[in-house]
Amino acid sequence: MADAGNGYTLEARIPARSAMLEGEADVGEESRGIVLFAHGSGSSRHSPRNQFVARSLRDAGLATLLFDLLTREEEAVDLHTRHLRFDIGLLAERLVDASRWVRSRPEMRALKIGYFGASTGAGAALVAAAELGNEIGAVVSRGGRPDLAADALTRVKSPTLLIVGGLDEPVIKLNEDALARLRCEKELRIVPGATHLFEEHGALEEVARLAGEWFGRHLHGRSDTGGRPEKAA
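In terms of numbering that gives the first Met the number 0, the sequence shown opens at residue 0 and continues consecutively.
Now the structure itself:
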């Protein structure tokens, strides 16, 4: 564990049912919630876009957990098969396991949990949110594939924000269809002039701003586990 100013950076080893997942959690002493990142296909916890959004969320008073949904061995296999990156059931299961790991940690157990999913990771985040119900305080999708959540969409209870680039027309349609199926508090925001990866000037900053506002609104307060974050021994 490293001291990160007024908070802590924790090297995470997350026991999943079929793997040990690696990641990094940054927890502030006054964090108002924690956001778990589900990266997109072919990416990892080192995604520069997710790292950028995570820094912005930490600046807004939220803790973050970035972790790899696949092990290094699985990633090596997936480079050739491209199968695991689209196994939404497996990815959602691991996001659930990561959520349970958060609940097991004294520094984080009192924080409300949110999910930030990108591309295929958004589909996994919505499936995991449907499974965990009210345990998940909010979901944000960036350029996501919510259609991959299929029938789980109708079971999501967490307030869900879908963010899509204005030039990402195929994904806009997928998100519009998903929005119609969601039965929770929901919103679709289009970032004008942005493509799928939000590489245009100011586009990712707008994603971070929208996500920060959504999580700030819905992760306020403490989870039902009670208490305040504790410094790890």
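Cβ atoms here follow ideal geometry from the backbone N, Cα and C, with glycine treated the same way.
Under the three-state reduction of DSSP output, Pro-105 falls in the coil class, being neither helix nor strand. In the three-state reduction of the DSSP assignment, Glu-184 falls in the coil class. Of the candidates Lys-156, Ala-117, Asp-146 and Arg-144, Lys-156 places its Cα closest to the Cα of Ala-128. The residues Ala-11, Ile-13, Leu-20, Glu-21, Gly-22, Arg-44 and Ala-97, in chain order, have a CB closer than 7 Å to that of Phe-66 in the same chain once the five nearest residues on each side in sequence are set aside.
With a cutoff of 8 Å on beta-carbon distance, Ala-123 and Ile-87 are scored as near each other. Nearest to Ile-135 by C-alpha distance, out of Val-52, Leu-173 and Thr-159, is Thr-159. Residue burial annotation: Arg-71 is exposed, with fewer than 16 other C-beta atoms found within 10 angstroms of its C-beta.
In this model, Phe-214 and Arg-102 are separated by some 18 Å (Cα to Cα).
Secondary structure note for Arg-141: its beta strand (DSSP E) is the uninterrupted segment 135 to 141. If you look at Leu-196, you'll find it isn't in any alpha helix (DSSP H); DSSP assigns it neither H nor E. DSSP places Val-26 inside the beta strand (DSSP E), whose first and last residues are 19 to 27.
Nearest in C-alpha terms to Leu-181, of all of Tyr-114, Leu-209, Asp-146 and Ala-210, is Asp-146.
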